[in-house]
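Take a look at the structure set out below.
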Amino acid sequence: MTATAKLTVVETKLLVRDPGSMFSFLIPVFILIVFGSGIEPGDTVLLPMTLAISIGLVGLYLMPTALASYREKGILRRLATTPVRPGSLLIVQLLLQFALTLVSCGVLLAVAGTVLGVQLPASVLGFGVVFLLGTASVFAIGLLIAALAPSGRAANGIGVLLYFPMAFLAGLMQPASQMPAIVVRIGEFIPLGAFRQSLEDIWNGGAPDPLLLAVMAVYAVVVSFAAAKFFRWE
Amino acid sequence: MAIIEVSELSKSYAGRTVLDRISFSVEEGEIFGILGPNGTGKTTTVEIIEGLRRADGGTVRVLGMDPIADGRALRELVGVQLQHTALPDNLKVWEALDLYASFYANPRDWRELLAEWGLVEQRDERFAKLSGGQKQRLIIALALVGNPRVAFLDELTTGLDPHARRATWELIKQIRDTGVTVVLVSHFMDEVEELCDRVAVFSNGTIAAIDSPAGLIDGVGAEHKMRFTVATGGEVDPEALTELIRAVPGVSAVRRDGGHVTVAGTGDFATAVTGVLARNQAVVSELRIDKRTLDDAFTALTGRPLGL
Chain A
915 MTATAKLTVV
925 ETKLLVRDPG
935 SMFSFLIPVF
945 ILIVFGSGIE
955 PGDTVLLPMT
965 LAISIGLVGL
975 YLMPTALASY
985 REKGILRRLA
995 TTPVRPGSLL
1005 IVQLLLQFAL
1015 TLVSCGVLLA
1025 VAGTVLGVQL
1035 PASVLGFGVV
1045 FLLGTASVFA
1055 IGLLIAALAP
1065 SGRAANGIGV
1075 LLYFPMAFLA
1085 GLMQPASQMP
1095 AIVVRIGEFI
1105 PLGAFRQSLE
1115 DIWNGGAPDP
1125 LLLAVMAVYA
1135 VVVSFAAAKF
1145 FRWE
Chain B
276 MAIIEVSELS
286 KSYAGRTVLD
296 RISFSVEEGE
306 IFGILGPNGT
316 GKTTTVEIIE
326 GLRRADGGTV
336 RVLGMDPIAD
346 GRALRELVGV
356 QLQHTALPDN
366 LKVWEALDLY
376 ASFYANPRDW
386 RELLAEWGLV
396 EQRDERFAKL
406 SGGQKQRLII
416 ALALVGNPRV
426 AFLDELTTGL
436 DPHARRATWE
446 LIKQIRDTGV
456 TVVLVSHFMD
466 EVEELCDRVA
476 VFSNGTIAAI
486 DSPAGLIDGV
496 GAEHKMRFTV
506 ATGGEVDPEA
516 LTELIRAVPG
526 VSAVRRDGGH
536 VTVAGTGDFA
546 TAVTGVLARN
556 QAVVSELRID
566 KRTLDDAFTA
576 LTGRPLGL
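Same order as they appear, the protein sequences are chains A and B. Those letters in the first sequence? Residues 915 to 1148, by the numbering used here. Those letters in the second sequence? Residues 276 to 583, by the numbering used here.
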């Protein structure tokens, strides 16, 4: 097996063994099932909320913690002394965390579509575009956390500290319809809020607001650049 | 043939000179020690040789290659144990060895390393569950899994209990016996004295001396002491005896407190002094000769003891 393949296998095992990743995987499913029992048929709010929670937990909490602790433990530096470059480990980690969000969101859609009878999106293409942009913008923030946090513990703390206000503004704590209009408006300018609102637009059978797509794209590009600029290998 | 050649190597951080034109070479098959207190440029030197840092000036050749320009090829031939390095908590011992083996074109069979480094029973244990000694042995085994020609070991017994340190020393000798050249960075005198064929003594970014541990000790001619007690009431006059000892070449001071005598001097004066005692039929008890150590040599070379 090549080094990259082996690295992928080992990192997958580590991801599965980490209670944090199981936590990020199960929390959104749990929320979906608990609140799903009390929703009207044809609900378009709950599923976008849980999808956004899922991406937020992985992107802001799980992924930055993993990357920062790899640097803290000297694993990236150790890899730099082998024929394999430490960048490979970062790429493998990013792809795996993305795969985790794919699986997690797939499970949410499956549970919602079958058990709960929640409406699924009409436009698969629109959903795909929004999903990719949303994940990219949230992961970009996660990468910036990983770049700046001195340790895995610090990354974990910053991630949690950022997640809760963002989740509140984005309408992930309560349905946006029950929040003040100004708060909802502010929330649309952060990735999680733009992501949830775009999904809701699609769920309602419309096209997502181009402004929301632009918000996510700008975060994805600008914040990733900042993360790449500030990232330290040791 | 020199495996590593360092010449006129310089490095400074933010205007502070860390390495000031140092030069040395490491021969094939030896254990080469880099000794000095923390903050004298030991780790920086090794990291430049490993290609982790760039030098400001000077040249480094490892197996004839430049660590930066020929980095990819060189990393196949070099094994590294870094100071303060860890593995993911949930990684199992065999997985770590198997993974690192996959990085190299011609790795060693990691099952052999598992046996050599006494980790067979820990094969399926997770890194976080290992004892300090077991973790250290795994980290060293990982440095060897690529079948390197040179292994760099940086402060490898820090934090180990005395028993585990001794056990690790035996294993380092085994590495050399398999033909791997070892560069050992340490601030422990006993470790360097026990293991190294040659030592470079680092002091404030320069090399104060390079020699075998025995050569360093002899070279500085550090003063040492012998002590004994002369049985009183015998035929020998203690005062006359003291004078005879004082006349022995190499002796610099003799102090007598009743029957207790302390002789200080340099070189092999102790043999001559015992000869004087024997010829005068002095009945001597509690004879003790303080062995000169690398510690003494280090203090003499750098002007300060290592601990400070």
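Glycine included, C-beta positions come from ideal geometry on N, C-alpha and C.
Inset, instruction - Check distances from the C-beta atoms of the region 358-384 of chain B to those of chain A and list, in chain order, the residues that come in under 8 Å. - result: H359, T360, A361, L362, P363, N365, L366, E370, D373, L374, Y375, S377, F378, Y379 and A380
Legend entry - For B:T537 and B:V529, the rounded distance between their alpha carbons: Roughly 6 Å between the two C-alpha positions.
Legend entry - Option in A:M1080, A:F944, A:S1112 and A:L921 with minimal Cα separation from A:L1022: A:F944
Legend entry - Straight-line Cα distance separating B:I492 from B:V460: 19 Å
Legend entry - Close-in-space but distant-in-sequence residues of the same chain around A:A1054 (CB under 7 Å, 5 per side omitted): Y1133, A1134, V1137, S1138 and A1141
Legend entry - Within 8 Å of chain A by C-beta, residues of the region 315-344 of chain B in sequence order: E325, G326 and L327
Inset, instruction - Counting only runs of 4+ residues fully inside the region 391-452 of chain B, write out the alpha helix (DSSP H) ranges in chain order. - result: 407-419 and 437-452
Inset, instruction - Can you pull the chain E residues whose beta carbon is under 7 Å from the beta carbon of A:M915, in chain order? - result: Of the chains in the structure shown, none is chain E; the protein chains are A and B.
Inset, instruction - Return the chain-ordered list of same chain residues with a C-beta closer than 7 Å to the C-beta of B:L583, the five sequence neighbours on each side being excluded. - result: With a pLDDT of only 43 at B:L583, under 50, the local geometry of the prediction cannot be trusted, and no value is derived from it.
Inset, instruction - Taking only beta-carbon positions, decide if B:V355 is within less than 7 Å of chain A. - result: yes
Inset, instruction - Report yes or no: do three or more beta-carbon pairs, one from the region 970-979 of chain A and one from the region 934-954 of chain A, lie closer than 8 Å? - result: yes
Legend entry - Residues that DSSP places opposite B:R473 in a beta bridge: B:F307
Legend entry - Through-space distance from B:E445 to B:G454, alpha-carbon basis: 15 Å
Legend entry - Supposed close pair B:L349, B:M340 - CB separation, criterion 8 Å: B:L349 to B:M340, Cβ: 5 Å. Contact.
Legend entry - Selection from B:G332, B:M276, B:S298 and B:G304 that minimises the alpha carbon distance to B:Y288: B:G332
Legend entry - Local conformation of A:S935 per DSSP, three classes: helix
Legend entry - Pick from A:L1126, A:I1059, A:T916 and A:G1120 that is closest to A:V1098, judged by C-alpha positions: A:L1126
Inset, instruction - Sort out for me which residues DSSP pairs B:T504 with in a bridge. - result: B:H535 and B:S560
Inset, instruction - Please confirm if B:A567 has its CB atom under 7 Å from at least one CB of chain A. - result: A small correction: the amino acid at residue 567 of chain B is Arg; Ala does not occupy that position in the sequence shown. Chain A, which has no Cβ nearer than 7 Å to the Cβ of B:R567, makes this no.
Inset, instruction - Keeping to the same chain, check which residues put their C-beta closer than 7 Å to that of B:L431; ignore five residues upstream and five downstream. - result: Q356, Q411, I415 and T443
Inset, instruction - Sort out for me which residues DSSP pairs B:D486 with in a bridge. - result: Partner residues in the beta bridge of B:D486, as assigned by DSSP, are B:V474.
Legend entry - Residue nearest to B:D543 in terms of C-alpha spacing, selected from B:D565, B:H535 and B:E351: B:D565
Legend entry - Cβ of B:E430 within 7 Å of any chain A Cβ: no
Legend entry - Selection of the region 995-1013 of chain A by Cβ proximity to chain B, strictly under 8 Å: T995, T996, P997 and V998
Inset, instruction - For my contact list, B:A376 and B:F402 are in at a C-beta cut-off of 8 Å; report their separation, rounded to the angstrom. - result: In fact, because the Cβ distance is near 16 Å, the residues do not count as touching under 8 Å.
Legend entry - Sufficient close CB pairs (3 or more, under 8 Å) joining the region 1078-1086 of chain A to the region 297-308 of chain B: no
Legend entry - Sequence-distant residues of its chain with Cβ nearer than 7 Å to A:P1035 (five each side left out): F1041, I1116 and W1117
Legend entry - Contact test: B:M340 Cβ vs the ligand SAM heavy atom, cutoff 6 Å: With respect to small molecules bound, the structure shown includes none, and the ligand SAM cannot be examined in it.
Inset, instruction - Could you tell me which of B:G533, B:V551, B:G550 and B:S527 sits nearest to B:G540, measuring between CA atoms? - result: B:S527
Legend entry - Assigned exposure category for A:P1094 - 16 Cβ within 10 Å defines buried: With fewer than 16 other Cβ atoms within 10 Å, it is exposed.
Legend entry - Test: B:E561 CB closer than 7 Å to a CB of chain A: No, B:E561 does not count as interfacial toward chain A.
Inset, instruction - Classify B:K566 as helix, strand or coil using the three-state DSSP reduction. - result: Of the three classes helix, strand and coil, the one that applies to B:K566 here is coil, per DSSP.
Legend entry - is_contact[B:E351, chain A] using C-beta, thresh 7 Å: yes
Legend entry - C-beta neighbour in chain B for A:R992, strict 7 Å: yes
Inset, instruction - With 7 Å as the C-beta to C-beta threshold (strictly closer), list the residues of the region 966-988 of chain A near chain B in chain order. - result: K987 and G988
Legend entry - Option nearest B:R662 by Cα separation, candidates B:D436, B:D472 and B:E466: This structure gives no information on residue 662 of chain B, because the portion of chain B shown stretches from 276 to 583.
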